[in-house]
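Report on one structure; see the data block that follows.
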Amino acid sequence: MINSHLSDDLGIVGYGHLGQFLVEKIQKEESEVRLHLAFVWNRNPEKMKGSVPEKLILKNLSDFPQRPADIIVEVCHPQIVKEFGIQFLSCSHFLVGSPSALADPEIQQQLREAAKHYGKTLYIPSGALWGAQDIQRLNDSESLKALTIRMSKHPSCFRLTKNLLPDWTEGEGRRLLFSGSVAELCPLAPNNVNSMAAAAIAGAMLGFNGVRGEIVSDTALKDYHVVEVEVTGTDGFCVKTTRRNPSQLGAVTGSATYTSFWSSLLGACLPVSCMNSALHLHCLTLPLFFSLQGSWRPSLLVLTILDFDVLVL
1 MINSHLSDDL GIVGYGHLGQ FLVEKIQKEE SEVRLHLAFV WNRNPEKMKG
51 SVPEKLILKN LSDFPQRPAD IIVEVCHPQI VKEFGIQFLS CSHFLVGSPS
101 ALADPEIQQQ LREAAKHYGK TLYIPSGALW GAQDIQRLND SESLKALTIR
151 MSKHPSCFRL TKNLLPDWTE GEGRRLLFSG SVAELCPLAP NNVNSMAAAA
201 IAGAMLGFNG VRGEIVSDTA LKDYHVVEVE VTGTDGFCVK TTRRNPSQLG
251 AVTGSATYTS FWSSLLGACL PVSCMNSALH LHCLTLPLFF SLQGSWRPSL
301 LVLTILDFDV LVL
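With UniProt numbering, letter number 57 in the sequence shown gets 57, and the count goes up by one each step, no holes.
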């Protein structure tokens, strides 16, 4: 629950399945969570007619400064992060729903510098990543030695570039599509591997080049996506997790990721005055929040990654 005194205006950039979920959720729970829509943009504005009030539809994304928003939430494509991220941060805090864009070190550095320069905050949701706070703890203690994430989906759920999955047939079973660094994988599957990008940010001592990612096509996975994470620390420490995320056939995003993203958004809407402008990673399970002023608030905890604050939900 957001603090009762807080009220935020949000700009939603993208009206795919996740964007529709967020817009409907905000409209339904507006009075309870004290969030309001400043604008909604989609590449095809016709898609919003009848479901988004005309006064909230932003037809030209470059006009976003005319619709002041406390936080701008991108849920469409990493290209938008690259083209508009710095502009968004010049006016608002920015929640990046496509963190695969940050695999480009130049883009990531530019956004970090913009957040500092404008006194704004760059938020990264954990999405389908499980155990992000534990990865961060290993990272912060300099005990993180290796991190591998394997994402398996029905082939209809992948949106890939460079003809990685040119053809497939029902019943063919498993096919390894890629195995390598997350830095290499993000441009090949920009819409599918945002949880891997979040892991690369959480495990900053390894980064995008050091975190290993694999994507697997599996025609047997018609009802859910599978995300497997293997974390290796010092002195033989190792943890392996397997997460099954229910999903519809052909869906890029599993159903549990929607509620995870919503939790991240609520966390981002805490008063930003209680923390430095920074890059923040949103996860799910820690019980307390310690502000930079030393006061405790429910449901959040501040940790540190590199020289930036990391907010963990």
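Ideal Cβ placement from N, Cα and C applies to all residues, glycine included.
Worksheet item: What did DSSP end up calling residue 252 once you bin it into helix, strand or coil?
Response: On the sequence shown, residue 252 is found 252 positions in, with the first residue counted as 1. Three-state DSSP puts residue 252 in coil, outside helix and strand.
Which residues bound the alpha helix (DSSP H) around residue 321?
Beyond the ends of the chain as shown, which are 1 and 313, falls residue 321; an answer cannot be given.
Any 3 or more C-beta pairs closer than 8 Å across the region 81-93 and the region 115-127 | yes
| said: Quick check on residue 166: buried or exposed, where buried means 16 or more other Cβ atoms within 10 Å of its Cβ? | reply: Taking the first residue of the sequence shown as position 1, residue 166 is located at position 166. So residue 166 counts as exposed.
#### Entry: residue 289 versus residue 267: straight-line alpha-carbon distance, rounded
Indexing the sequence shown from 1 puts residue 289 at position 289. Indexing the sequence shown from 1 puts residue 267 at position 267. Its pLDDT being 26, under 50, residue 289 is placed unreliably in this model, and the value from its coordinates should be taken loosely. Between residue 289 and residue 267, the C-alpha separation is close to 10 Å.
Query raised in the report: Any idea what DSSP makes of residue 34, helix, strand or coil?
Result: Taking the sequence shown and counting its residues from 1, one reaches residue 34 at position 34. Correct three-state label for residue 34: coil.
message: So, with DSSP's three-state summary, where would you put residue 214?
response: Looking up residue 214 in the sequence shown gives position 214. It is a strand residue.
Using the three-state DSSP reduction, which class does residue 204 fall into: helix, strand or coil? Here residue 204 is taken as the residue at index 204 of the sequence shown, counted from 1. It is coil, neither helix nor strand.
Count the other CB atoms, across all protein chains shown, that sit within 10 Å of the CB of residue 3; report buried if there are 16 or more and exposed otherwise. Numbered from 1 along the sequence shown, position 3 holds the residue referred to as residue 3. Confidence is the limiting factor: at residue 3 the pLDDT is only 37, short of 50, which leaves the residue's position unreliable and the question unanswerable from this model.
So what does DSSP say about residue 125, is it helix, strand or coil? Start at 1 with the first residue of the sequence shown, and residue 125 comes out as number 125. It is a strand residue.
Notebook entry, point to check: So, helix, strand or coil for residue 91, using DSSP?
Noted result: Within the sequence shown, numbered from 1, the residue matching residue 91 stands at position 91. In the structure shown, residue 91 sits in a helix (DSSP, three-state: H, G or I).
Quiz item: What's the C-alpha gap between residue 13 and residue 235?
Solution: The residue labelled residue 13 in the question sits at position 13 within the sequence shown. The residue labelled residue 235 in the question sits at position 235 within the sequence shown. Approximately 45 Å, taken between the alpha carbons.
**Request:** Could you please give the first and the last residue of the uninterrupted alpha helix (DSSP H) stretch that includes residue 19?
**Result:** By one-based count along the sequence shown, residue 19 stands at place 19. Unbroken alpha helix (DSSP H) run through residue 19: 17-28.
- Report the residue ranges of all alpha helix (DSSP H) runs contained in full by the region 124-184; include only those spanning at least 4 residues, in chain order. 132-140
Quiz prompt | Element boundaries [beta strand (DSSP E), containing residue 246] | solution = Against the sequence shown, residue 246 aligns to sequence position 246. Residue 246 -> beta strand (DSSP E) spans 238-246.
Backbone CA spacing between residue 146 and residue 264 [nearest angstrom]: Reading the sequence shown from its first residue, position 146 is the one you call residue 146. Reading the sequence shown from its first residue, position 264 is the one you call residue 264. Their Cα atoms are separated by approximately 26 Å.
**Asked** So who's on the other strand from residue 10, going by DSSP bridges?
**Response** For this step, residue 10 is matched to residue 10 along the sequence shown. Note: residue 10 sits in a beta bridge opposite 37 and 71.
Review point. Would you say residue 189 faces chain B, with C-beta separation under 8 Å as the test?
Key: In the structure shown, chain B cannot be found, because there is only a single protein chain.
- Might you give, ordered along the chain, the residues of its own chain that have their beta carbon closer than 6 Å to the beta carbon of residue 16, omitting 5 neighbours on each side? Locating residue 16 in the sequence shown gives position 16, counting from the first residue. Same-chain partners within the cutoff: there are none.
What number of angstroms, rounded off, separates the C-alpha of residue 38 from the C-alpha of residue 136? Position 38 of the sequence shown holds residue 38. Position 136 of the sequence shown holds residue 136. The straight-line gap from Cα to Cα measures roughly 33 Å.
Taking the alpha carbon of residue 229 as the point to measure from, which residue in 164, 219, 222 and 244 has its own alpha carbon closest?
Along the sequence shown, one-based indexing puts residue 229 at 229. Ranking 164, 219, 222 and 244 by Cα distance to residue 229 puts 244 first.
Given a cut-off of 8 Å, decide if residue 220 and residue 254 are closer than it, judged by their beta-carbon atoms.
Translated into the one-based positions of the sequence shown, residue 254 becomes position 254. Translated into the one-based positions of the sequence shown, residue 220 becomes position 220. Contact: no.
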